[in-house]
Amino acid sequence: MKVLGIESSCDETACAIVEDGKTILSNVVATQIPFHKIYKGVVPEIASRKHAEWILPVVRQALKEANMTLDEVDAIAATNRPGLMGSLLVGFTFGKTLAWATKKPFIAINHMLGHLYAAQLQTPVEYPFLGLLVSGGHSIICKVNGFDNLEILGTTVDDSVGEAFDKVAKFYGLGYPGGVIIDNLAKNGDPKAAKFPVPKLDENEHRYDVSFSGLKTAVIHQADYFLNEGFEASKANIAASFQETACNTLVSRLLRAVKDTGLTTVVAGGGVAANSRLRQMLSEEKNLNCIFPPLKLCGDNGAMIAGVAYHFLKRGETSPLNTTACARIPQFKRGLANLESFGRR
Ligand code: KG4
Ligand code: ZN
839 MKVLGIESSC DETACAIVED GKTILSNVVA TQIPFHKIYK GVVPEIASRK HAEWILPVVR
899 QALKEANMTL DEVDAIAATN RPGLMGSLLV GFTFGKTLAW ATKKPFIAIN HMLGHLYAAQ
959 LQTPVEYPFL GLLVSGGHSI ICKVNGFDNL EILGTTVDDS VGEAFDKVAK FYGLGYPGGV
1019 IIDNLAKNGD PKAAKFPVPK LDENEHRYDV SFSGLKTAVI HQADYFLNEG FEASKANIAA
1079 SFQETACNTL VSRLLRAVKD TGLTTVVAGG GVAANSRLRQ MLSEEKNLNC IFPPLKLCGD
1139 NGAMIAGVAY HFLKRGETSP LNTTACARIP QFKRGLANLE SFGRR
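Residues in the sequence shown are numbered from 839 upward in steps of one, following this note's numbering.
Dropping the structure here:
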């Protein structure tokens, strides 16, 4: 089954064709970064307009690179949540329209299920396992019982980890998007230069929750205060110390989940899963088998959408064409919600 997957939840206009949930026939990602860079963040209005401009050429390019015609596509999938509403609507409406016009099955896909599936495009993993979803909008630790069956164990109680990377980079004038810039800059800095505060959340109520707004504020407004003696407050030192604390926060909560559930396989996903220090820290955990997507599948792409869509379709599920888009998924932002099969619309 060849699925055409569309992704437009934020600032990448993307389309891919994936066969049977595993073979990537094409994967086109048109990034809008140059258009948002001057504003040091994503401007939703610009994002929606660029999606509208690019969606047709991107879909055409995906077909061309797969050496296929639209007739040869078996089903169409598109992200419908969570994300920027204007951005989501462009790709999602385009996908629904294409499905309607061609009378092909259509399925709406949860972006975060896509991120979780990205690693599995390369390495199928047996359920259950732990999921670590870290992106610009989310920080989620979950138990994964199936491709659409997650038990949310922890989330952020405030900012997401990607947001903290981006805001720190913005404040220090490092550039946009901040994650990869801080990752690179940190290689020349000393992670011990500053001892930034780690979030103190109740060990029972927030056992697997993370928090990044205190860290972000400390790095932005009180860097000198937290600097250790004998170290210079250079951008590289600040980047390295910030990154170390942010990654330690994620790893410490994840290790709690490993200990409590007895699950030792972790599948990571989302833009921040590209972070080299996070990858290194987790690879050093002897008892852990941590699986990361290849770098090009960490950020937003259509392959992860088409990949996970295949499993819904194989189960006979499709979405009616009056399905809508949705900016938020409340359970993804905070707390201990236990949702079964929220992948359904
Ligand atoms: O998954 P993604 O492409 O979009 C969302 O779903 O949000 O994630 C984007 C986020 C941004 O905050 C970006 O700065 C961060 O991922 N990111 C990184 C790295 N590469 C991208 N953060 C840390 N280290 C990286 N190497
Ligand atoms: Zn994403």
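Beta carbons are placed, not taken as given, at the ideal position from N, Cα and C, and that holds for glycine. The structure displayed is predicted, hence computed values, not measured ones.
Beta-bridge analysis with DSSP links L1065 to A1032. In terms of CA proximity to S1051, V999 leads the group P1015, N1042, K902 and V999. Contact between P882 and L922 holds, since their C-beta atoms are separated by about 5 Å, short of 8 Å. Spanning the alpha carbons of Y1148 and M839 requires a straight line of approximately 7 Å. In the three-state reduction of the DSSP assignment, V995 falls in the coil class. At least one heavy atom of the ligand KG4 lies closer than 7 Å to the C-beta of E1001. Residue pairing by DSSP places S864 opposite I855 in a beta bridge. For C1128, the three-state secondary structure derived from DSSP is strand. Runs of the beta strand (DSSP E) lying entirely within the region 1066 to 1111, each at least 3 residues long, are 1103 to 1107 in chain order. For Q870, the closest of I884, E857, D858 and G859 by C-alpha to C-alpha distance is I884. Residue range S977 to G984 is occupied by the beta strand (DSSP E) that includes I979. In the three-state DSSP reduction, L1120 falls in the helix class (H, G or I). Inclusion of A1031 and N1086 in the CB contact set at 8 Å is not warranted, their separation being larger than that value. In the three-state DSSP reduction, V841 falls in the strand class (E or B). Taking C-beta atoms as the reference points, N1139 and A900 fail to come closer than 8 Å. Boundaries of the alpha helix (DSSP H) harbouring V1018: G1016 to A1024, taken from the DSSP string.
Among the bridge pairs identified by DSSP, I947 is matched with T917. In chain order, V867, T869 and D1138 place their CB closer than 6 Å to the CB of E850, counting only its own chain and leaving out the 5 sequence neighbours on each side. For G969, the enclosing beta strand (DSSP E) has its first and last residue at F967 to V972. In this structure, the C-beta of C848 approaches the ligand KG4 to less than 7 Å from one of its heavy atoms. Per the DSSP secondary-structure output, L1135 pairs with nothing in a beta bridge. Under the 8 Å Cβ criterion, the region 1101 to 1114 counts as touching the region 1000 to 1019, having at least three qualifying pairs. Remark: the shortest separation between the CB of H1149 and any heavy atom of the ligand KG4 does not fall under 7 Å. Your pair L1151 and A913 checks out as a contact, with CB atoms roughly 5 Å apart and the cut at 8 Å. Remark: three or more beta-carbon pairs, one from each stretch, lie closer than 8 Å, so the region 1122 to 1142 and the region 951 to 960 are flagged as touching.
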